[in-house]
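Written below as structure tokens is the structure these notes are about.
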Amino acid sequence: MDKDVSPDGKDTPPVAKGGKAAPEATSMIDTLHLSRKRVRKLLDPYRIESGKGFRLSDHDPRDTAGAVLGKPDASTLLGEGVRVLADYQQRLYAQDRWAMLCVFQAMDAAGKDGTIKHVMSGVNPQGVQVTSFKQPGPEELAHDFLWRANRALPPRGHIGIFNRSHYEEVLVVRVHPELLERQHLPPELTRKHVWRDRLESIAALETYLARQGTVILKFFLNVSKEEQRRRFLARLEEQDKHWKFSPNDLAERAFWDRYQAAYEEAIAATATPEAPWFVVPADNKWFTRLVVVAAMIEALSRLDLTLPPLTPAQAGALAAARAALESEH
Ligand code: ATP
Ligand code: MG
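Using numbering that gives the first Met the number 0, you'd call the opening residue of the sequence shown number 0 and step up by one each time.
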């Protein structure tokens, strides 16, 4: 990707005189039909920044913020949101200071894949890395539990998407403790407080990353058990959806309540202002996607993504390069 092409596609970089934030850089979110205030109002009920009093049962998977927007409005907004996100991503890349990590966690059929696909559909693939975390292999099992997440972190200027994540280590591994045994840990380290310790380690890692310039957003796509049943049935009934169904999905569904309890505890223990969770209603896909894209652009809009002004030496080098190219004719 060209680092000196501005997000609007013109060949002037987004630098304001004197290195101040260019007005368009900070007000991009305001070009949406949703004003910044409305975006905040939309996101507020879903953003969790502290575990105090957090209860998953307070969050309705069917919620669509009826009073704030309607569905027809939403598809226009999603399109606009995707475009604004692409602009921000280009600035993020050109500036090369911040990174963004978006973690997606959910029960099966909650819509992780579709959300990631739609929300990222406008961005330059070179600036984004999507990592899907499956069951760990022997090399991964031979290392500490955060090892593979660390290796997949986005570098500065990039957006990293985790499709499942290090959180599986306090979710599926907690629901199925036999998975912990496969990790060859010294037994005296797994007898007591293992989940509390892991949650602390995750929170500490995320604080560290935030201090290093990674903006972290964590999305729990909150689908209801009934909607999961409907989606599984659709996968079984429609031939082109068969590939999406695995009998193991049904086995995991049987552990629904234990997963919900593990999610509740994980979210409560790791929700911080610098690495918030978004409990996103997931029974309506259009709404899930809208909340996710809104959360991403809202977080990016808080950053000053202008490029630093050129130093006199850099300006001189550009002028010399231009003169050299022009003198070729
Ligand atoms: P989809 O079904 O839409 O393709 P998925 O994320 O469910 O997406 P699968 O290949 O079906 O992908 O499942 C991956 C499995 O790997 C999940 O059951 C998940 O719980 C499991 N997994 C991920 N990380 C770990 C881990 N650290 N330890 C054990 N199991 C894990
Ligand atoms: Mg699956």
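All residues carry an ideal CB built from backbone N, CA and C; glycine is no exception.
Let me check understanding here. Comparing Cα to Cα, which of the options lies closest to residue i?
i    : options                : result
N162 : D112, I266, K36, L55   : D112
I158 : A148, R195, I215, L170 : I215
V38  : E327, I296, I266       : I296
P135 : L306, R228, H183, H328 : H183
Q211 : A265, G80, P153        : P153
S34  : A151, W146, V83        : V83
Q128 : V102, R46, D57         : V102
G80  : T305, L317, T287       : T287
R190 : S200, A202, P176       : P176
D282 : E325, E225, A250       : E225
F254 : S49, V172, H58, F144   : V172
P307 : K40, R96, E180         : R96
L331 : L170, L178, L76, G50   : In the structure as shown, the chain starts at 0 and stops at 328, and residue 331 therefore has no counterpart that could be examined.
F219 : L41, L178, I47, Y87    : I47
S131 : A148, A141, E138, N123 : A148
L302 : S49, A268, P311, A209  : A209
G78  : D59, K116, S49, S56    : K116
N123 : Y87, S56, R150         : Y87
G110 : D59, S49, N221, R181   : N221
E205 : P185, L188, S164, F231 : S164
With residue i and residue j assumed to form a contact (beta carbons below 8 angstroms), what rounded beta-carbon distance in angstroms separates them?
i    : j    : result
W285 : A73  : 5 angstroms
E273 : R54  : Not confirmed; about 23 angstroms, so no contact.
L198 : A108 : Not confirmed; about 26 angstroms, so no contact.
G52  : A98  : Contact doesn't hold; Cβ gap of about 31 angstroms is too wide.
G121 : A85  : 4 angstroms
R252 : H241 : Not a contact, Cβ separation roughly 17 angstroms.
V291 : V278 : Wrong, their Cβ atoms sit about 12 angstroms apart, outside the cutoff.
S223 : R61  : 7 angstroms
Y166 : Q104 : 5 angstroms
A203 : T271 : About 11 angstroms separates the two Cβ atoms, so there is no contact after all.
R229 : V174 : Not confirmed; about 23 angstroms, so no contact.
A294 : L42  : 6 angstroms
T213 : L100 : 5 angstroms
K217 : W146 : Going by Cβ atoms, the distance from K217 to W146 rounds to 19 angstroms, so no, they are not a contact pair.
Going by the DSSP bridge assignment, what does residue i pair with across the sheet?
i    : result
S200 : According to DSSP, which records beta bridges pairwise, S200 is partnered with nothing at all.
N221 : P280
I266 : Answer is none; I266 lacks a bridge partner.
M346 : Any question about residue 346 goes unanswered here, given that the chain covers just 0 to 328.
T271 : A274
I47  : W276
A323 : A323 is not bridged to any residue.
Q104 : F219
In the DSSP assignment, the beta strand (DSSP E) including residue i goes from what residue to what residue?
i    : result
P280 : 276–280
T189 : Unbroken run through T189: none, as it is neither H nor E.
T130 : 127–131
V122 : Looking at the DSSP string, V122 is not in any beta strand (DSSP E), and its letter there is neither H nor E.
How far does the alpha helix (DSSP H) with residue i in it reach, from first residue to last?
i    : result
R54  : Taken as a continuous stretch (DSSP letters only), R54 belongs to no alpha helix (DSSP H), as it is neither H nor E.
P246 : 246–252
R61  : Run containing R61: none; DSSP gives neither H nor E here.
K36  : 35–42
>> List, from N- to C-terminal side, the alpha helix (DSSP H) runs of 4 residues or more that fit wholly inside the stretch 282–318.
In response: Here the runs fully enclosed are 284–300.
> Around the ligand SAH, which residues pass a check of Cβ closer than 6 angstroms to any of its heavy atoms?
Replying inline: As for the ligand SAH, it is missing from this structure, which binds only the ligand ATP and the ligand MG.
> Which runs of the alpha helix (DSSP H), 4 residues or longer, sit entirely within the stretch 129–181?
Replying inline: 137–140, 146–150, 171–174, 177–180
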